[in-house]
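Engineer: Residue numbers 1 to 563, in my numbering, belong to the letters of the first sequence in order. All C-beta atoms in this analysis are idealised placements derived from N, C-alpha and C, irrespective of residue type, glycine included.
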Amino acid sequence: MSLNNELAKLFNTMATVLEIKGENTFKVNANRKVARELEELLDDIGSIQKISDIKGIGKSSAIKIKTYIETGTMEGYAELVNSIPSGLLELMNVQGLGPKTVGRLWKEIDVVDIATLKTAIEDGRLESMPRMGKKTIQNIAESVDFLKQHAGRWRIGVAMPLAEELIRKIKCISGVTNVKYAGSLRRGKETIGDIDILVSAMDEQLVAESFCNFENVDKVLAKGETKCSVRVAEGLQIDLRIVSEESFGAALMYFTGGKEHNIILRERAIKQDKKLNEYGLTPSKICDTEENIYKDLGLPWIPPEIREDRGEIECEVTPRLIELNDIRSDLHCHTTASDGYMSIEKLAEEAIARGFHSIAVTDHSQSQGQANGLSPERLRAHIHAIKQVNQKYNNIQILAGSEVDIMPDGTLDYEDELLNELDIVVASPHASLQQNTPDATARLIRAIEHPLVNIIGHPTGRIINKRKGLEPDIPSLIDAAHANNTALEINANSYRLDLRDIHVRAACNGNAMLSINTDAHRPEDFNQLIYGILTARRGWALPSNCVNCMELEELQTWLALNC
DNA sequence: GCCGTTTTCGGCCCGACTGTTTTCAGTCG
1 MSLNNELAKL FNTMATVLEI KGENTFKVNA NRKVARELEE LLDDIGSIQK
51 ISDIKGIGKS SAIKIKTYIE TGTMEGYAEL VNSIPSGLLE LMNVQGLGPK
101 TVGRLWKEID VVDIATLKTA IEDGRLESMP RMGKKTIQNI AESVDFLKQH
151 AGRWRIGVAM PLAEELIRKI KCISGVTNVK YAGSLRRGKE TIGDIDILVS
201 AMDEQLVAES FCNFENVDKV LAKGETKCSV RVAEGLQIDL RIVSEESFGA
251 ALMYFTGGKE HNIILRERAI KQDKKLNEYG LTPSKICDTE ENIYKDLGLP
301 WIPPEIREDR GEIECEVTPR LIELNDIRSD LHCHTTASDG YMSIEKLAEE
351 AIARGFHSIA VTDHSQSQGQ ANGLSPERLR AHIHAIKQVN QKYNNIQILA
401 GSEVDIMPDG TLDYEDELLN ELDIVVASPH ASLQQNTPDA TARLIRAIEH
451 PLVNIIGHPT GRIINKRKGL EPDIPSLIDA AHANNTALEI NANSYRLDLR
501 DIHVRAACNG NAMLSINTDA HRPEDFNQLI YGILTARRGW ALPSNCVNCM
551 ELEELQTWLA LNC
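1. Give the secondary structure of residue 558 by DSSP, where H, G and I count as helix, E and B as strand, and everything else as coil.
2. Just to confirm before moving on: does the CB-CB distance between residue 548 and residue 494 stay below 8 Å?
3. Check residue 401 in the structure and name its three-state DSSP category.
4. Just to confirm, are residue 180 and residue 166 a CB contact at a threshold of 8 Å?
5. Using only the alpha-carbon positions, how far apart do residue 569 and residue 62 sit?
6. Suppose the cutoff is 7 Å on Cβ atoms and the five residues either side in sequence are ignored; what does the same chain contact list for residue 160 look like?
7. Shortest alpha-carbon distance to residue 302 belongs to which of 538, 216, 46 and 15?
8. In the DSSP assignment, what are the bridge partners of residue 364?
9. So, are the CB atoms of residue 456 and residue 415 less than 8 Å apart?
10. For residue 564, which of helix, strand or coil comes out of DSSP?
11. Can you name, in chain order, every residue of its own chain whose Cβ lies under 7 Å from the Cβ of residue 249, other than the five neighbours on each side?
12. Is the segment 299-317 touching the segment 353-373 in the sense that three or more CB pairs, one from each, lie closer than 8 Å?
13. What first and last residue would you give for the alpha helix (DSSP H) that runs through residue 237?
14. Please report how far the alpha carbon of residue 272 lies from the alpha carbon of residue 264, in whole angstroms.
15. Report the residue ranges of all alpha helix (DSSP H) runs contained in full by the segment 284-315; include only those spanning at least 4 residues, in chain order.
16. Using 8 Å as the threshold, is the segment 419-426 in touch with the segment 385-402, meaning 3 or more CB pairs across them?
17. Taking the alpha-carbon positions, what's the residue 520 to residue 407 distance?
18. Exposed or buried, which one is residue 133 when buried takes at least 16 other CB atoms within 10 Å?
19. What whole-angstrom Cβ distance do residue 505 and residue 535 have, given they're in contact under 8 Å?
20. Looking at residue 241: is its Cβ nearer than 8 Å to the Cβ of residue 194?
21. How many angstroms separate the CA atom of residue 523 from the CA atom of residue 251?
22. Look at the alpha carbon of residue 153 and the alpha carbon of residue 260, and state the distance between them as a whole number of angstroms.
23. Check the C-beta distance from residue 426 over to residue 454 and give it rounded, since I have them as a contact under 8 Å.
24. Pick out whichever of 466, 445 and 42 has its Cα sitting closest to the Cα of residue 482.
25. Using DSSP with H/G/I as helix, E/B as strand and the rest coil, what is residue 54?
26. Taking only the alpha-carbon atoms, compute the straight-line gap between residue 476 and residue 441 and give it to the nearest angstrom.
Right, here's the structure in full:
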């Protein structure tokens, strides 16, 4: 775990403990804010001179951070955390249990973790507490079971298709005038906690009723006049907000977030003697669209992906972020020659259907035995086959490439002589992904500096919710990538999204080129390009930051720089 | 605990829903 994340975890834990102990909520929130700043900090916290210059981190937290960096311990942390049973922290993850209840469970009936909570439910002690009725207890019991089965968040690749399907169904309900998803899904985050859907309709009751009765709804968690929450068979929670057409924009803005962005907008409204909530900006004019509200607040419309209070509000002109239609090529795809399911022709046709001017065939290299990686002889034959197929098409350029393994020491999996025969080289780490930071950094920089490498594929090798992957020093990689004209990939596969959003932002700031590719193995994988685009947008990437947005001639010139 | 274009002290976003109780506390987003 990086130092930033390590510290963020400590501050989050402190916040939770303070919450359970019933401390001032503003103090709790201040600790959470410090944690969030640390999580999203681009630079290593250890390299920052004046920590208290970071917005949201004050003197007191700065001292704690500094001591931790120097000594490995944080003053007061152990004392605070040891002041409550450690199991109370996991109890806070049970839906429906908040700090007040957890505190009471502990003090009044000696519940200290999930196991003792289950016992207390079984032996009737919970029922003896005030405000603990049968329904509440049943909900808690169900949430405990649910937590055991589904810890964590869902990949955007799961959440978005599900949300789109729900929206299609909601649109079919009679009288529905507008429906959109909001929340972290709309902001394009790599993982989603739950799906927020906004709807306006002539008959609100009919919408609520129909929604709660959709066939894949497992459990109705809440059902009111303006809000319904359900859990669907996949395990995700879906919140449906029913709003009027006039306040659709305000509601969309409110429920899209992010939280910090919203707070700043509300504070801005207050300074202008106005009030902003999910119903509108009052006293004001029309709040049916987000554009109108931003305009009333004296701001340009801000794309959802960058609504994170990371400088977007201070920005005078909203950047023209990269869009799906800007992409003109896919430079990392597989065929049946290695572990893909498509022929070279199929790749070409998929690319043509998407309006690309070129596509790169980049099958695995020889070390990837389990992925049927190509021996040098097979690669030579494959290059020949690719060139043959390329001659058949006049509306697509098929590039002969390879996804060549970066070995643990940073050397490549083929000799330079063979790499020289390729149009494009994507170099990726696949094995030895537990290397320490200095080794991983040296390994990747060596590949970046290799004169024949054009793109570093999925630079960390992480798999979301499954594998941490390498933790190289990202600023060093970016410097090297910029200096050597090597692009860093945003692998669009929703399991990977590697580089991730904050690294994309750092890469753009450091003038390193990006390459957004699907790493397609099957035809449907091309549809995941959107997740790469959303990740790029979250990193404030412009079309000019991405080699896949280049026209053919420009791309060929760029590729020729490293050959 | 953090912050300052009214402030170095005194604020800090706010509404919906549930389950319980009978007017509201707690949780959630």
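Structural biologist: This is what the structure holds:
1. helix
2. no
3. strand
4. no
5. Any question about residue 569 goes unanswered here, given that the chain covers just 1 to 563.
6. 185
7. 538
8. 403
9. no
10. Beyond the ends of the chain as shown, which are 1 and 563, falls residue 564; an answer cannot be given.
11. 287, 288, 289, 290, 292 and 293
12. no
13. Residue 237 -> not in any alpha helix (DSSP H); beta strand (DSSP E) instead, spanning 237-242.
14. 12 Å
15. 290-296
16. yes
17. 23 Å
18. exposed
19. So it is not a contact: roughly 10 Å between Cβ atoms.
20. no
21. 37 Å
22. 20 Å
23. 7 Å
24. 445
25. coil
26. 8 Å
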